[in-house]
Structure formats: C-alpha cells, structure tokens
Amino acid sequence: MVDHMKNTQAPEADKSSPVGDVILEVRGLKTYFGAGEKAVHAVDDVSFKLQRGKTLCIVGESGSGKTVAARSILQIVDPPGQIMGGEIIYHGSITQARQGQAPVDLARLAPKGREIRAIRGHDIAMIFQEPMTSLSPIHTIGNQIAEAILLHQKVGKAEARTRSIELLRRVEIPNPEVAIDKFTFEYSGGMRQRAMIAMALACNPQVLIADEPTTALDVTTQAEILALIKELQVAYGMSVLFITHDMGVVAEIADEIGVMRNGKMLEFGPAEQIFYNAQHDYTRELIDSVRKLETSARKSRGRKISEQKLLEVHGASKIYPARRSFLGKAGEPFKALDNVSFDLFEGENLGIVGESGSGKTTLGNCLIRVLEPSGGEMLYCTGAGHTIDVARQSTRELRQVHREIRMVFQDPFASLNPRMTIGQIIGEPLLVNKLLSGEALRARVKELLAMVGLPPMAMERYPHAFSGGQRQRIGIARALALNPRLIIADEATSALDVTLRSQVLDLMLDLQEKLNLSFILISHDIGVIRYFCDRVAVMYKGQIVETGPAEKICSEPDHPYTKALISAVPGTHPRDKRILGRHRYVAEPLAMPEKAAGPIALA
Numbered sequence: 137m138v139d140h141m142k143n144t145q146a147p148e149a150d151k152s153s154p155v156g157d158v159i160l161e162v163r164g165l166k167t168y169f170g171a172g173e174k175a176v177h178a179v180d181d182v183s184f185k186l187q188r189g190k191t192l193c194i195v196g197e198s199g200s201g202k203t204v205a206a207r208s209i210l211q212i213v214d215p216p217g218q219i220m221g222g223e224i225i226y227h228g229s230i231t232q233a234r235q236g237q238a239p240v241d242l243a244r245l246a247p248k249g250r251e252i253r254a255i256r257g258h259d260i261a262m263i264f265q266e267p268m269t270s271l272s273p274i275h276t277i278g279n280q281i282a283e284a285i286l287l288h289q290k291v292g293k294a295e296a297r298t299r300s301i302e303l304l305r306r307v308e309i310p311n312p313e314v315a316i317d318k319f320t321f322e323y324s325g326g327m328r329q330r331a332m333i334a335m336a337l338a339c340n341p342q343v344l345i346a347d348e349p350t351t352a353l354d355v356t357t358q359a360e361i362l363a364l365i366k367e368l369q370v371a372y373g374m375s376v377l378f379i380t381h382d383m384g385v386v387a388e389i390a391d392e393i394g395v396m397r398n399g400k401m402l403e404f405g406p407a408e409q410i411f412y413n414a415q416h417d418y419t420r421e422l423i424d425s426v427r428k429l430e431t432s433a434r435k436s437r438g439r440k441i442s443e444q445k446l447l448e449v450h451g452a453s454k455i456y457p458a459r460r461s462f463l464g465k466a467g468e469p470f471k472a473l474d475n476v477s478f479d480l481f482e483g484e485n486l487g488i489v490g491e492s493g494s495g496k497t498t499l500g501n502c503l504i505r506v507l508e509p510s511g512g513e514m515l516y517c518t519g520a521g522h523t524i525d526v527a528r529q530s531t532r533e534l535r536q537v538h539r540e541i542r543m544v545f546q547d548p549f550a551s552l553n554p555r556m557t558i559g560q561i562i563g564e565p566l567l568v569n570k571l572l573s574g575e576a577l578r579a580r581v582k583e584l585l586a587m588v589g590l591p592p593m594a595m596e597r598y599p600h601a602f603s604g605g606q607r608q609r610i611g612i613a614r615a616l617a618l619n620p621r622l623i624i625a626d627e628a629t630s631a632l633d634v635t636l637r638s639q640v641l642d643l644m645l646d647l648q649e650k651l652n653l654s655f656i657l658i659s660h661d662i663g664v665i666r667y668f669c670d671r672v673a674v675m676y677k678g679q680i681v682e683t684g685p686a687e688k689i690c691s692e693p694d695h696p697y698t699k700a701l702i703s704a705v706p707g708t709h710p711r712d713k714r715i716l717g718r719h720r721y722v723a724e725p726l727a728m729p730e731k732a733a734g735p736i737a738l739a
C-alpha cells in the first residue's frame with residue numbers, strides 16, 4: 137500500500153522552471169519486495185526528474201534497482217513488490233501543462249485501475265529487455281501492434297493494420313507488408329527489438345522507457361537501435377528514460393545520468409558532469425571499467441606466445457541441408473561456416489569477432505565437435521606431442537580431446553544444472569573421466585574454487601544462490617577441472633555487468649599465466665577483444681574476412697566490414713560520440729581468406 141505521507145527528503149517541484157520543462161518527477165520513491173524486517177528495499181528513497189525531449193540514462197549493475205524503478209512508474213512491478221512511499225508526478229503533454237491541467241501522481245493510482253491503464257502505452261510506453269519473452273509467441277507481430285492501437289484509439293481493425301505496417305516501416309523492418317504477418321520466432325533479435333519499439337510508438341507516447349533494449353545485441357545492431365530511438369525521439373518529441381549498465385551507451389545518448397546502487401540513487405546530473413567530474417567512487421569505478429577496455433592487458437602483462445602451433449584449421453565448413461517448406465518447396469542449403477582457416481599458437485589468445493549470425497559460435501562448437509563439421513581439417517597438437525584431426529576423431533577418441541579442450545559457455549544461468557550442487561557441477565568432468573572420487577575429488581573441487589576466488593563452502597550450495605559473475609567463475613572452474621591446454625570462451629562476459637566483465641577477464645588472464653593456457657575468445661564486444669586478445673579473426677556470413685594483431689584490427693582495420701564493425705562501438709565519454717557517424721558496410725563478394733598470420737611480435 138502506498139504511503140501518502142510526504143517524504144521530507146524528496147525534492148520539491150521546481151516552481152521557477154518554465155511550464156513544461158519537466159515531464160516526469162520521481163520524488164522519494166520506495167518500492168519494496170515483502171514486508172517487515174525481511175523486506176527487500178529494491179528502490180529506496182529515489183528521486184529524479186525527466187526533462188521534455190531529453191534522454192535520462194539510469195545506470196548501475198544488476199540488482200541496483202534500475203528496472204524496478206522504471207516499472208514502478210507504470211505500476212507493473214511483479215508481486216510481491218509494491219510501492220511503499222513517494223510520488224511519481226506525470227505532468228502530461230506540453231499542451232495540457234499550459235492549459236493548467238493538474239499533474240497526476242502515478243504512485244497513487246490503482247495498479248489495475250482504469251486511470252493507469254489509460255496512461256500505459258498511450259502517454260508512457262515501455263520497451264522491455266528481452267523481446268522474446270515480452271512478445272507473444274502465438275500471435276503475429278502485426279496483431280500485437282494493432283492491439284495496442286485498438287486499445288487506446290477509436291479506429292477499426294483495417295486502420296489499425298495500416299498503421300501497424302507504417303510503424304514497422306518507420307522502424308526499418310524490411311518488407312513490412314509481409315513482415316506484419318510473421319510470428320516472433322521468425323524475427324531476428326534486432327528485428328524483435330524493432331518490433332517492440334514499433335509497438336511502444338503505436339500511440340505516440342510522451343515518454344518512452346527503454347529497459348536494457350540493446351544488452352543482447354551485437355555492436356552494429358545496437359548502433360542501429362540507438363540511432364533509431366534517437367531519430368524517433370526527435371521526430372515524435374519524446375522524452376526517453378533509458379535503463380542500462382553499459383557506460384559506453386550512456387556516453388553516446390545521455391543528456392542526464394542517474395547512478396544507482398543497492399536501491400539508492402548515488403549520483404544525478406548532466407552527462408558531462410558525471411563523466412568528467414564524478415563525485416562518487418562507484419561512479420568513477422563504472423567509468424574506469426569501460427575505459428580500461430581501451431587498453432591491451434596482454435601487452436601490459438607481457439605476452440608469452442610460443443612458435444609451436446596448438447591448432448591449425450584449414451577450410452572448415454558447416455552446411456545445413458535444405459529444408460522443405462510446408463508446401464513441399466525445397467529451400468537452399470545454408471553455409472554457417474564457409475572455408476574457414478586460421479592458426480592458434482601455444483600461449484596465444486585469439487579473438488573471433490563478428491555480428492550475430494556470422495558463424496562465431498558455430499565455429500566454436502565445431503572445434504569441440506558439439507556440431508559435426510561438414511568439411512575441412514582441424515589439426516590439434518596434443519599434450520603428448522601428437523597431431524590429430526579433431527574433425528575425424530571417433531566418439532571414443534574425442535574423450536581425450538575433450539580433456540584438453542574445454543568450453544566456457546555464454547549464459548552463466550543456463551549452463552549450470554540447477555539440481556546439482558556446485559561441488560557436483562565442478563567435479564562432474566573428473567567423475568565422468570574416472571580420474572578422482574571421494575575425498576580426493578572434494579579436495580580438487582576446493583582447489584578449483586580457490587583458483588577462481590570462491591570459498592570452499594560454495595561446494596554445498598546450488599547455482600541459484602550465486603550472482604551472474606560468480607556463476608561464470610563456477611563455469612571457468614569446471615572448464616579447468618581436467619587441466620586443459622585450450623579453453624574456448626563463447627561470449628563468456630556478455631551477460632555480465634561492466635565491472636564484473638573486467639574481473640572475469642582478469643581472472644582468465646591470471647589463470648593463463650599460472651597454467652599456461654591458450655584461449656579462443658568468441659565475442660561481439662570489441663573492447664573485450666582488444667583487452668584480452670593477441671590476434672583477432674573477423675567473421676562475416678560464415679567466412680573470415682580479416683585476421684591480424686588485436687591492436688591493429690581494433691584501431692586501423694583494412695576490410696570495409698571490420699571498419700563498419702569498429703565504427704559501431706560506442707565511445708567512452710560524451711565528447712567521443714561515434715554511433716551516429718558510423719560507417720555502414722555494403723556487402724560485396726567475399727574473397728578467399730588469406731592464410732592466417734603467425735604470432736604477433738612481442739615488442
């Protein structure tokens with residue numbers, strides 16, 4: 137229940153401001169989960185203002201309260217969460233403000249009442265973080281957009297469909313007349329997010345709340361979405377409340393910034409003030425963790441790369457056979473990997489970078505035979521000094537390969553069995569390979585936990601008791617269990633906050649120095665690649681289009697596609713905005729990739 141007592145610490149409305157400067161004021165907002173002493177204070181006395189036509193970015197790590205604060209504005213907090221105090225003052229359109237219409241305190245409205253439902257989607261719209269779970273899987277995209285129009289506007293179904301097509305065209309969905317009748321699963325990740333934006337814009341809202349709308353997207357798709365939101369903001373005169381943990385995105389788009397941690401608003405102010413004169417240590421830590429990725433950790437640590445090749449890949453391919461449609465029409469075979477070749481040297485970190493769908497993960501899965509390659513050679517030099525073709529090993533022979541080549545998966549939440557304890561998860565590779573059991577196994581698990589900075593008591597707990605960063609450390613410990621020589625890390629930091637990302641990367645580099653590991657790091661994050669890798673292979677539509685030293689590829693690439701990829705990377709401060717002026721790559725026939733270069737000079 138809302139506490140209507142006025143919060144003495146909440147800021148008063150700025151009566152000196154001209155009418156219409158502020159469209160939304162949050163004063164002393166408190167949103168708790170549960171009650172009494174055990175209540176979780178997800179949002180605890182938070183205040184901020186959103187200016188008309190401006191972009192306010194609320195930034196902070198997972199669990200800081202960003203999303204709960206945003207959802208509180210629309211009264212859509214999941215139970216048992218509820219607003220316990222504070223005000224959320226919505227001033228309406230500029231016309232309403234000038235006509236003297238009284239502002240509305242959204243916190244006082246019933247969550248399921250007619251008044252708040254009239255505001256949701258019409259005056260204030262929201263783009264949710266995960267479009268796959270936010271969009272209905274059993275309704276077409278067109279029906280979902282039209283539903284928002286029919287709910288708030290007095291138009292017929294034919295007019296709603298026409299407007300839906302126009303909205304899809306506005307957000308640059310190809311062939312919107314056809315796309316409108318497709319289902320969610322038929323859209324790519326970027327297209328789903330565009331469809332969510334189209335749905336949010338269906339009624340020309342005054343305020344657009346965007347909750348991590350680019351988190352799961354590659355850099356070029358992210359750049360397109362950010363540019364689209366900015367373009368539509370100008371066209372519609374919207375105010376934007378943007379929720380994110382990515383300080384690079386914040387530097388690109390923010391007019392004002394609010395920094396949250398543990399439910400509190402630590403700092404609030406203009407973007408340049410926050411970036412160049414941050415007052416709180418935590419804010420400086422967030423900014424430094426982004427700028428840290430502009431340097432090469434491998435260069436500063438002193439690289440130790442052997443001239444001995446650990447892995448040679450020649451002409452690797454993966455072709456999925458043509459499928460027949462419902463009407464029996466045959467499609468075309470799909471080349472997920474097309475004549476891919478590269479070398480990896482002992483002690484080297486090789487980055488595989490590219491957009492979603494470029495073949496990066498397919499390549500990693502083929503290297504450990506989770507997927508069967510369609511052709512080519514993958515020559516691996518074993519610890520015993522023998523060279524074997526991984527692509528042609530039998531299932532029995534692969535057991536030895538899998539002892540030496542391990543994988544860290546992208547999603548730290550989905551890659552750990554929720555029904556097994558951490559001790560069972562980490563010890564499973566040792567049990568399966570019949571290497572250890574009993575007390576010897578427990579001792580080894582404790583040793584592995586210590587390697588990744590976790591206490592021995594973690595053995596008895598289950599995955600749900602750990603944060604995302606801790607779960608990724610557990611995944612790394614599991615990968616180390618069999619003393620591997622090569623670890624393939626597939627987007628191992630993409631699901632983590634920026635500070636946790638740096639910690640996990642430094643952890644892997646420390647382990648590399650202690651255990652003489654080599655890494656293949658698959659990522660779409662150019663900053664991570666620059667920081668962690670010695671060399672980079674750039675993939676586009678199943679082919680490697682460019683290979684070279686990480687510093688050169690990330691600073692002065694040669695191939696037009698790589699240039700477009702690098703130009704889409706957000707800057708690290710407000711005076712270094714890059715996305716709106718980025719290069720766009722126009723596809724051209726791909727030449728056969730040259731043989732991968734040798735180890736880079738250690739100077």
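Numbered by the numbering used here, the letters in the sequence shown go through residues 137 to 739 in order.
From the three backbone atoms N, C-alpha and C, an ideal C-beta is built for every residue, glycine too.
With 16 or more other Cβ atoms inside 10 Å of its own Cβ, P548 counts as buried. Pairing V581 with A390, the inter-Cα distance amounts to about 45 angstroms.
Pairing V343 with I715, the inter-Cα distance amounts to about 23 angstroms. In its chain, beyond the 5 residues on either side, K471, A472, L473, D474 and G495 have a beta carbon closer than 6 angstroms to the beta carbon of G678. Put simply, the backbone Cα of G483 is about 8 angstroms away from that of F655. Remark: C-beta atoms of V634 and S432 do not approach each other more closely than 7 angstroms.
Proximity to E421 across I504, G451, D382 and R437 peaks at D382, based on C-alpha coordinates.
Residue pairing of I393 in beta bridges, as defined by DSSP: C193 and G405. A residue is called buried when at least 16 other Cβ atoms come within 10 angstroms of its Cβ; D214 does not meet this threshold and is exposed.
Here the stretch 508-525 makes no contact with the stretch 605-612; the two share fewer than three CB pairs at distances below 8 angstroms. DSSP places I524 within a strand segment (E or B) once states are collapsed to three. By the Cβ test, the stretch 203-222 is not in contact with the stretch 402-411, since fewer than three Cβ pairs between them sit closer than 8 angstroms. In this structure, D646 is the residue among D646, E682 and L651 with its C-alpha nearest to the C-alpha of F668.
Residue environment for I274: exposed (fewer than 16 other C-beta atoms within 10 angstroms of its C-beta).
Counting along the chain, S375 sits inside no alpha helix (DSSP H); it lies in the beta strand (DSSP E) bounded by residues S375 to T380.
The residue among L368, V204 and I488 with its C-alpha nearest the C-alpha of V664 is I488. Within 10 angstroms of the beta-carbon of P341 lie 16 or more other beta-carbons, which makes it buried. Counting only runs of at least 3 residues, the stretch 225-295 fully encloses the following beta strand (DSSP E) elements, listed from N- to C-terminal order: 260-263. T698 and E682 have their C-alpha atoms spaced approximately 8 angstroms apart.
Distances from the CA of R666 to each of R427, F378 and R244 were compared; the closest alpha carbon is that of R427. In the structure shown, the three-state DSSP call for D347 is strand. Closest in C-alpha terms to A261, from the list P696, I365, L566 and S551, comes I365. When the beta-carbon positions are compared, F404 and K445 stay at least 7 angstroms from each other.
The continuous beta strand (DSSP E) containing S183 extends over residues V176 to Q187. When DSSP reads this structure, M543 sits in a beta bridge with I624. Excluding five sequence positions before and after E348, the CB atoms of its chain that fall closer than 8 angstroms to its own CB belong to T203, Q265, I379, T380 and H381, given in chain order. Relative to the Cα of I159, the nearest Cα in the group I281, N619, M374 and P310 belongs to M374.
DSSP places C517 within a strand segment (E or B) once states are collapsed to three. If you compare the alpha carbons of Q187, Y676 and L429 with that of L641, the shortest gap goes to L429.
If you draw a 10 Å sphere on the C-beta of E302, you find fewer than 16 other C-beta atoms in it, and that means exposed. Secondary structure note for N569: it is in no alpha helix (DSSP H), with a DSSP letter that is neither H nor E. Sequence-distant partners of T497 (beyond 5 residues in either direction) whose C-beta falls short of 7 angstroms from its own C-beta, in its chain, are D626 and I658.
Bridge pairing for K445: F481 [DSSP]. In its chain, beyond the 5 residues on either side, T276 and I277 have a beta carbon closer than 7 angstroms to the beta carbon of K318. Between the stretch 612-632 and the stretch 537-548, the count of C-beta pairs closer than 8 angstroms reaches three or more; the two stretches touch. The three-state secondary structure of Y456, taken from DSSP, is strand.
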